Structures are given as structure tokens and as C-alpha cells.
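Residue numbers (my numbering): 27 to 406.
Virtual Cβ for every residue (Gly too), placed ideally from N, Cα, C.
A quick note: this is a predicted structure, and the numbers were derived from the prediction, not measured.
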Ligand SMILES: Cc1ncc(COP(=O)(O)O)c(C=O)c1O
């Protein structure tokens, strides 16, 4: 253990857990009690502090208690779990939904449970670490296509797909570190041509993008499994897969992430349900996020920054050098913004960045000050 830690420290890559305390005015307070605007978190619609969501969560604790008391297959499926799954399935227009404890835990166990030794998995190069861990845990063969390069995807399928094994294509819709978007229509056509199962991780799309926030895969029947999380625009915790009733039955029987863990507690299911019930009425917040993010992207590009291919509320300011990213983040913190630097191994060498996010909870005056604060912290 010592040697890798020493190496991390020597390379200035040691990660530490910093404490940020939310205050009543919507700021995050750092360890010196400085007030910061959050431009790093994933609470895109500000629902983590929505009064109705909090109230419903508290009501659920009062009625059902603090714990779920068992795994989903033992005593952990309360009426709340069923309501959440049923209502989410209706909202997303899918036959069934299965709720998991977190997006990470879902992705690892779900992908592993769908892969046997004849399975070929086709991944976008920038898929989230949880999806990669799932592929490594499963018995299938992993092929990674160049980021959003669908000719490369097709070339790999042509070379490796066979009739005696399942092909599974896995992509994110909004990519978590670059904020760019996959072309689900093209991928669906390819999936059709090669009879592949198509899995789309909508962690950063659900709640914000698509018809009433139902994500980019909404209405796309060719997408077999839609993966979502409650930890981002729902402002809470947990995850779900929307799929066919048969797939839900398979996962309930064979996915270790459902079978071998205590179910999410009533407080969390309650906040997820509370947030879900608000979702159809939040177009004003979605419009604000989308509009403000477009404004920020435009400003940053005008100022000459490289924002990768971002077209969403996730906006990387790619600086390249690791130390530059740390230094700029520190300067921004002194100016009142929490903009976390993202460095290797999370992103590729030479692409260190500030990963900015836009939430509807970010005050307009803070948004307007951000481009100048960045240019004062890092001159091109
Ligand atoms: C694309 C993607 N999938 C899955 C996850 C994991 O979700 P959770 O935070 O619920 O574990 C994340 C979170 O960072 C993500 O960005």
C-alpha cells in the first residue's frame, strides 16, 4: 500500500476528501468557511434541497423507519420501492424498472450478469469506470471503439460478432467528463444490423434532456436497457434500469447487485419518488440549465478555451497540464467558485481539466462572473 501512495504523492496526484458544508443561502462552505458557488456538482435541478422532496422523504422515514431491513429479495422491497419502479416505468414508457443502490454498483453488477464467455462487449472509449469494471468482472471480451466513432464500432462488430455469442453495445448518452453526446440513432441502426443488445447510460441526461427530461433514449425502442441514476438531477441517491419485464426478471434472479445487498432505505426511496413526481413540471428549470450552459460554453469558446465537444450542462475547460488545473481551481476557489480539477487517471494524460457543471440553482450573477473569474485565473 505504501508504494502506490508514495508514487501518488510524488506525482502530486494524491486524492484527499475535502469537506464542504451547504449553508442556508445555497453556498457551499469550505474548511475555511469561505462561501463558494458550486460549479462542480451534479444536482442539475437543485432538487437535493427542494422542500417538497425533503418533506416526502421525512414522511417516509416517519412511516417506514430508517432502514429497509433486508435485501430486495428478502424484506427490503417496501410498497415505496414498488411505487417508484412502477411510476418510473410509466414515465419512461418502458415495461419495467428495477431500482439499484447506486449507479456504480448497478453498472458493475449488471454488465457482469449479462456477459458469459461468448459475449462481446463494444464500449465507447470514454465510457464511465463503473461500466468498465462491469466488463472486467464479467466473462465476456471487451472491445473499445474510438470515442463516438461509429465506423470504428461497426468495424469491430464486423470483425468479432458471431452467431454463437451475444453482442452488447454500451454507451453513455451525455458523456460524464466531456459533456458531449452520443448519436443514439446511428448506434441503434448499427445495433439492428448486428443484432446487438444496446445499453445506454443516461446518468447525466435523465431529468435534464429529452421530452420532459426523460432522456435521449426516451421513445427509442431499439435501446434495450436505459440506465439512470438518482444521484444527479434527482438530487438524491440510487439508480435504476428501465427495460423489458423479462430483463427485469432475469436481473432479479441473476444480478448480484440486486441479490446480495440491503435495499435502499425509505428516506432515499422517498426522495427519489418525491423528485420523480415533480419531474413533469420542471421544464422551466431544464430550460434554465440548457440556456445557461449554452451561454457559458459560448463565452468560454469566445475567450479561447477548449471545451472538448461539450454540448450539455457538463463543460470541461481542458487545460492539459495537471498542475495548471490544480492551480486554476485554487485561484477560482479564492474567487468564490468550487470548480474541481479532474486529472489522470480519471481522464487521459494531457487532458486535465476543470469539469464545470451548470445547475438551475446557480444564481445568474454567479454564472455571469464565472468566465471572467476563469480568465483571471488562467491566461491563455
Ligand atoms: C455515466 C455515469 N454512470 C454511472 C455513474 C455512477 O452513478 P452513481 O453516482 O449513482 O454511483 C456515474 C457517476 O459518476 C456516471 O457519470
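Counting the other Cβ atoms within 10 Å of the Cβ of residue 32 gives fewer than 16, which makes it exposed. For residue 375, same chain residues with a beta-carbon under 8 Å away, outside a window of 5 residues either side, do not exist. Fully enclosed beta strand (DSSP E) runs of no fewer than 3 residues occupy 251-255, 265-269 of the segment 245-269, in order along the chain. Judged by DSSP in its simplified three-state form, residue 381 adopts strand. Look at residue 241: its beta carbon is at least 6 Å from all of the heavy atoms in ligand 1. Distances from the CB of residue 154 to the heavy atoms of ligand 1 include at least one below 6 Å.
Taking C-beta atoms as the reference points, residue 200 and residue 315 fail to come closer than 7 Å.
For residue 343, no alpha helix (DSSP H) segment is defined; the enclosing uninterrupted segment is the beta strand (DSSP E) at 340-346. Taking a contact to require three or more Cβ pairs closer than 8 Å, the segment 335-346 and the segment 192-206 qualify as touching. If the five residues before and after residue 403 are omitted, its C-beta is found closer than 6 Å to the C-beta atoms of 354, 357, 358, all from its own chain and listed in chain order. Between residue 258 and residue 229, the CB-CB gap stays under 7 Å.
By the criterion of a C-beta distance shorter than 8 Å, residue 57 is surrounded in its chain by 44, 45, once the five residues flanking it on both sides are discounted.
Annotation note: the segment 71-126 contains the following uninterrupted beta strand (DSSP E) runs of length 3 or greater, listed N- to C-terminal: 122-126. Residue 200 carries a strand assignment under DSSP once its states are collapsed to helix, strand and coil. The segment 275-288 makes no contact with the segment 235-243, as fewer than three CB pairs between them are under 8 Å. Annotation for residue 250: 223, 224 place their beta carbon closer than 6 Å to its own, counting only its chain and skipping 5 residues before and after.
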